[in-house]
Amino acid sequence: MREAGASPEAAAARASQSEGGDRRRHRLIGDVHKAYEESSRLLPGCWIVVRVDGRAFHRFVEVHNFARPHDRAAIGLMEAAAKAVTEEFADIMLAYGQSDEYSFVFHKDTDIYNRRTSKFSTLIASLFTSHFVLKWPSFFDTPLKLAPSFDGRAVCYPSVEMVRDYLAWRQLDCHTNCLFTTCYWTLVDRGGKTGKEADKILNKASKGFKNELLFSEFGINYNDLPPVFKRGTLLLKRREQVELRTKEATPYTPAGTPYSRTLTHVDAFHEDVAQGDFWLKHCSALFSDQTKRIEKLETMPGDEQAASKESPQGGAVCEHGPA
Ligand SMILES: [Mg+2]
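The opening residue of the sequence shown carries number 51 in the numbering used here; numbering runs sequentially from there.
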């Protein structure tokens, strides 16, 4: 309310002064609290790997009655969630997943979130979890009975070789898990063993023993298992240059004006990721110094809307389209 006798201008100036004071006070309080929030930052110039890992998934798998030893729907769901995360960030170069985990490799020059460690780990874990829940009905007829959750950690690697070693390590883990779970559930489901008995047989058993057990007692050749079970899934970004034509005329270009556009796809592979040939053919280009970023995934080939998007000056703009 305006003070008696005060001019509207003076009252407004006083109010504004007091508002300004409030804003300054809030900013100071904010600065103090933000100082406590300061989190570590991921080292500059290093490749960033964020790995998400399912929490208490033994129970989750049991409650949702996943097929054993491997559930194709669950593998498909994990892949779909990982693809969605990979598409969301231009700076994710590739992703690798197996069992209840996925790793996302960010370009070494990424500057998103000021490279704050907690932002990377929490955001990727929560985004992955959201997609896992959203896409569940596309893979399972039964409803979700438990809330899935994934933890996340962000790690820096100083060289491409270290990233490659990291991927090889996670893939070795996939091989080990695959062989163990195949043996375990074959002993339980076909061999009539209890879980404890199967554990006792397999505990500290060599890889050769497990292979032989599967082959001689159950006629299963481990090498014949589908590659996705043994090697997990590698998601790689691929660019494609497509030639399109605008549908509508703009003040600057007639309808049918040709333009080119870069589309980005995410392809799935089930190969030995660190193997020389595969790495050279599919991965090394992603890590070259020339490759700074991969564009955000476009929704549809031939989506000409962007070509005639109005610029603030009123002209038609398109990153890869006609000028
Ligand atoms: Mg886990």
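Just so it is clear, CB atoms sit at the ideal spot from N, CA and C, and this is done for glycine as well.
Nonlocal neighbours in the same chain, by C-beta distance under 7 Å from residue i, ignoring five residues either side
i: E112; result: none
i: L217; result: Y146, V323 and A324
i: F189; result: A123, G126 and L127
i: T185; result: Note that residue 185 corresponds to Lys in the displayed sequence, not to Thr. Cβ within range, chain order: L127, A130 and A131.
i: I162; result: D141
i: L38; result: In the structure displayed, the chain extends from 51 to 373; residue 38 sits before or after that span and is not available.
i: S90; result: T167
i: G352; result: Here the model assigns G352 a pLDDT of 41, short of 50, so the residue's position is not dependable, and the following value carries that caveat. Hits under 7 Å: L294.
heavy atom of ligand 1 below 6 Å from residue i C-beta
i: G147; result: no
i: D201; result: no
i: D274; result: no
i: D103; result: yes
i: V319; result: A small correction: the amino acid at residue 319 is Phe; Val does not occupy that position in the sequence shown. No, Cβ of F319 sits at least 6 Å from all heavy atoms of ligand 1.
i: D161; result: no
i: D223; result: no
i: D327; result: no
i: D150; result: yes
i: F110; result: no
i: F107; result: yes
Own chain residues within Cβ distance below 6 Å of residue i, not counting five before or after
i: T349; result: Only weak support exists for where T349 lies, its pLDDT of 41 falling under 50; the value from the coordinates is given anyway. Nothing meets the Cβ criterion.
i: V21; result: Nothing can be reported for residue 21: it is not among the residues displayed for the chain, which extend from 51 to 373.
i: L284; result: Y146, F319 and V323
i: K243; result: L237
i: E119; result: The amino acid occupying residue 119 in the given sequence is Pro; Glu does not appear at that position. Hits under 6 Å: T231, T232 and W235.
i: V205; result: V99
Residue closest to residue i, alpha-carbon to alpha-carbon, out of the options
i: R288; options: E138, A130, D81 and L144; result: L144
i: D191; options: V210, H114 and D150; result: H114
i: P94; options: C224, K133, T160 and V135; result: T160
i: L286; options: D215, H332 and D81; result: H332
i: S266; options: H320, R101, G241 and V183; result: G241
i: P277; options: H320, E290 and L313; result: H320
i: S180; options: G269, K133 and C228; result: K133
i: Y207; options: N227, T236, C96 and P119; result: C96
i: P193; options: H315, V183 and E88; result: V183
i: V155; options: V102, R109 and P187; result: V102
i: E88; options: K169, R220, R75 and A117; result: K169
Residue environment, residue i, which counts as buried when at least 16 other CB atoms sit within 10 Å
i: V99; result: buried
i: V292; result: exposed
i: T307; result: buried
i: S358; result: With a pLDDT of only 37 at S358, under 50, the local geometry of the prediction cannot be trusted, and the value read off the model is given with reservation. It counts as buried.
i: V82; result: exposed
i: E247; result: exposed
i: P198; result: buried
i: G269; result: exposed
i: I387; result: Missing from the structure shown is residue 387; the chain here goes from 51 to 373 and no further.
i: E262; result: exposed
i: H108; result: exposed
i: R73; result: exposed
i: G245; result: exposed
Element boundaries [beta strand (DSSP E), containing residue i]
i: R288; result: T283 to R295
i: D317; result: P308 to F319
i: W235; result: No beta strand (DSSP E) contains W235, which is instead part of the alpha helix (DSSP H) from V210 to D239.
i: L144; result: I142 to Q148
i: A175; result: Per DSSP, A175 belongs to no beta strand (DSSP E); it is in the alpha helix (DSSP H), T167 to F189.
i: F156; result: E151 to F156
i: G202; result: F200 to Y207
Close beta carbons around residue i, own chain, < 8 Å, minus the five adjacent residues each side
i: C224; result: Q148, S149, K280, R281 and G282
i: W329; result: R214 and V323
i: D249; result: Y234
i: G70; result: none
i: K195; result: V113 and H114
i: F230; result: L252 and K260
i: N271; result: L264 and F265
Extent of the continuous alpha helix (DSSP H) run through residue i
i: V99; result: Premise fails: V99 lies in the beta strand (DSSP E), W97 to G104, not in any alpha helix (DSSP H).
i: I125; result: R122 to E138
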